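Quick mapping for you: the protein sequence lines, in order, are chains A and B.
If you read the first sequence in our numbering, its first letter stands for residue 5, the second for the next number, and so on.
If you read the second sequence in our numbering, its first letter stands for residue 5, the second for the next number, and so on.
Heads up, the beta-carbon is just placed ideally off N, CA and C, and yes, glycines get one too.
Treat the numbers as computed from the prediction; the structure is a model and nothing was measured.
Have a look at the structure below, then the notes.
Protein chains: 2
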Amino acid sequence: MGHILAKNLGIALAGILLTSAAHAKLVHKQVEYKAGSLTSEGYLVYDDAKTGKRPGVLVTHNWLGLTHATEKKADMMAELGYVVFAADLYGKGIRPKDQTEAGKLATELKTDRKTLRERMKAALKVLQENKMVNPNKLAATGYCFGGTSAIELARSGAPLQAVVSFHGGLDSPTPADGKNIKAKILALHGADDPYEKPEDLNAFEKEMRDNNVDWQLVKFGGAVHSFTDEDAGNDNSKGAAYNARADKRSWLDMKNFLAETL
Amino acid sequence: MGHILAKNLGIALAGILLTSAAHAKLVHKQVEYKAGSLTSEGYLVYDDAKTGKRPGVLVTHNWLGLTHATEKKADMMAELGYVVFAADLYGKGIRPKDQTEAGKLATELKTDRKTLRERMKAALKVLQENKMVNPNKLAATGYCFGGTSAIELARSGAPLQAVVSFHGGLDSPTPADGKNIKAKILALHGADDPYEKPEDLNAFEKEMRDNNVDWQLVKFGGAVHSFTDEDAGNDNSKGAAYNARADKRSWLDMKNFLAETL
């Protein structure tokens with residue numbers, strides 16, 4: 005009797021899972037776009053089973069540029085029902101071969117925030133002009149350098165509902181620009197991240213506070229830089245390492261935050 | 005056509021809500037228990053529609069003692085499916101009449117952590133001995149002084165899976181006791197709480213880090229002390245005030261954390 009019930013339940017559950025899988029039929033394509041004089045190539049992904057206008061989520065890569073790892077995160081966000089665009093801040097075909105090249109490219113943009121903002125705005129525009137996207141429901145997310153870039157986009161006054169930074173650098177060379185922020189901000193941070201000094205965190209908090217931003221900072225104990233990056237190894241002493249626990253928790257935090265704000 | 009669909013959907017949704025309400029039939033009772041020589045009276049609440057052993061959640065009151073506000077939080081936790089016990093740290097019938105009395109009682113226990121731990125352990129024992137409770141799945145939650153008390157219980161080495169502090173004082177007079185902590189810790193904190201100094205937060209983080217505790221700290225921008233307390237008014241300049249946004253978000257954080265850990 006109990007077995008028959010369990011079996012029937014099993015069949016019912018399998019049906020639900022199949023239905024759910026059928027809904028998440030992801031379509032992705034490369035999209036060429038201009039950022040000033042630069043030609044970039046980003047990655048657009050969405051669930052083809054959805055109809056009507058949906059919120060758009062921008063996701064920005066870490067210093068390594070738009071890699072398969074970024075595309076995977078974009079796919080995961082698209083599975084949540086959003087139209088997702090992975091930005092390309094370096095330009096079409098410009099994909100750093102190693103950390104030295106990555107560091108050079110990321111540093112150039114981090115020290116030239118005007119250009120960084122232009123490139124982020126150009127990427128956001130791809131979403132804003134996409135017919136599937138509700139342009140009143142936009143979020144920017146990003147990883148490491150991409151998290152910094154997402155907040156920088158908000159500091160430019162972009163019409164964003166939400167920003168989520170995963171282990172991004174949070175401080176700003178122009179904290180007064182915090183007054184332009186329209187987005188609610190969620191900063192997901194490794195509590196042992198050696199690349200973000202206590203004074204940088206304090207500066208971020210001050211900027212948010214001084215400008216009455218709706219902000220949250222989550223510190224994950226035991227996590228260092230790159231805690232969501234499965235390719236980052238597991239040696240915390242290197243300053244950057246994957247942390248499955250913080251990865252899972254921060255993803256859930258993002259998911260709930262986007263559900264709240266979009 | 006659209007109206008008919010909407011109406012049918014409405015009926016379907018109403019059915020789900022009724023079912024859901026039928027499942028959350030809360031039963032509550034006053035429970036007398038001993039904490040050393042002290043006789044206390046706590047509040048037990050659970051969903052009568054649930055069967056089998058369930059996780060147990062302790063909830064500890066703020067400095068005002070076990071009031072209707074604490075019972076309401078306990079009810080909300082019971083609606084999540086847990087057997088919930090609201091501790092009474094002051095003793096049966098001892099309910100502070102004003103903030104002066106509350107401050108005196110709370111300070112006595114905060115400066116006598118041995119007695120505080122004894123009283124928390126006695127309250128936890130009520131859950132541990134309850135036949136509905138799975139004693140391997142226990143959490144301690146608390147508000148303000150109750151948050152401090154919940155972490156203090158973990159510092160005593162109590163067999164807890166999880167601790168959630170809502171705007172609790174986080175620092176400890178005996179940080180080395182962090183080594184006894186078995187629970188995962190979630191500290192939900194108002195970023196503008198004037199009662200918790202930066203050095204107190206730093207001390208908490210250091211204690212957690214030094215003892216390899218699984219911890220998270222969430223800072224809610226724009227929130228001061230007592231942000232979950234609907235009776236705290238809305239004037240941040242008083243240092244304690246209700247904040248609907250942080251209340252809602254912190255509740256969701258707690259809910260997800262208990263789902264993960266219990």
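V31 (chain B) and A90 (chain A) have their alpha carbons spaced roughly 50 Å apart. Below 8 Å, enough C-beta pairs join the stretch 213-225 of chain A and the stretch 182-191 of chain A to call them touching: three or more. Straight-line spacing of the CA atoms in A166 (chain A) and L256 (chain A) works out to 15 Å. In the three-state DSSP reduction, D251 (chain A) falls in the helix class (H, G or I).
The C-alpha of A53 (chain B) is placed about 36 Å away from the C-alpha of V217 (chain B). L192 (chain B) has B:F170, B:V222 as its beta-bridge partners, per DSSP. In chain order, A195 make up the part of chain B whose C-beta sits under 7 Å from the C-beta of E209 (chain A).
The three-state reading of DSSP puts R58 (chain B) in strand, counting E and B together. Look at V228 (chain B) here: in three-state DSSP terms it is coil, with no helix or strand label. Under DSSP, the beta-bridge partners assigned to F89 (chain A) are A:L48, A:L62. Sequence-distant Cβ neighbours of Y246 (chain A) in its own chain, meaning closer than 8 Å and more than five residues away, are S230, F231, T232, D233, E234, D235, A236, G237, N238. For the C-beta of R213 (chain A), the chain B residues within less than 9 Å are, from N- to C-terminus, A195, D196, G225, G226. Listed by position along chain B, the residues whose Cβ is nearer than 9 Å to that of W219 (chain A) are A195, K223, F224, G225, G226.
At a C-beta separation below 8 Å, L256 (chain A) has these neighbours in chain B: N260.
Taking 8 Å as the cut-off, the beta carbon of G173 (chain B) is found no closer than this to the beta carbon of T64 (chain B).
By a beta-carbon distance limit of 8 Å, G56 (chain A) does not contact N134 (chain A). Their separation comes to about 13 Å. For L142 (chain B), the uninterrupted beta strand (DSSP E) segment begins and ends at 137-147. Around the beta carbon of H171 (chain B), a 10 Å sphere encloses 16 or more other beta carbons of the protein chains shown; the residue is thus reported as buried. Distances from the alpha-carbon of L164 (chain A) to those of A:W67, A:E112, A:K129, A:G225 put A:K129 closest. Between Y47 (chain A) and A82 (chain A), the C-beta spacing is not below 8 Å. A Cβ-Cβ contact shorter than 8 Å links N215 (chain A) with G182 (chain A). A248 (chain A) counts as exposed, since fewer than 16 other beta carbons sit within 10 angstroms of its beta carbon. For G161 (chain B), the closest of B:Y86, B:R121, B:T115, B:G243 by C-alpha to C-alpha distance is B:R121. Counting along the chain, A39 (chain B) sits inside no alpha helix (DSSP H); it lies in the beta strand (DSSP E) bounded by residues 30-39. Residue state for L84 (chain B) is assigned as coil, using DSSP reduced to three classes. The C-beta distance from W67 (chain B) to G95 (chain B) rounds to 15 Å, too long to fall under 8 Å, and the pair is not in contact.
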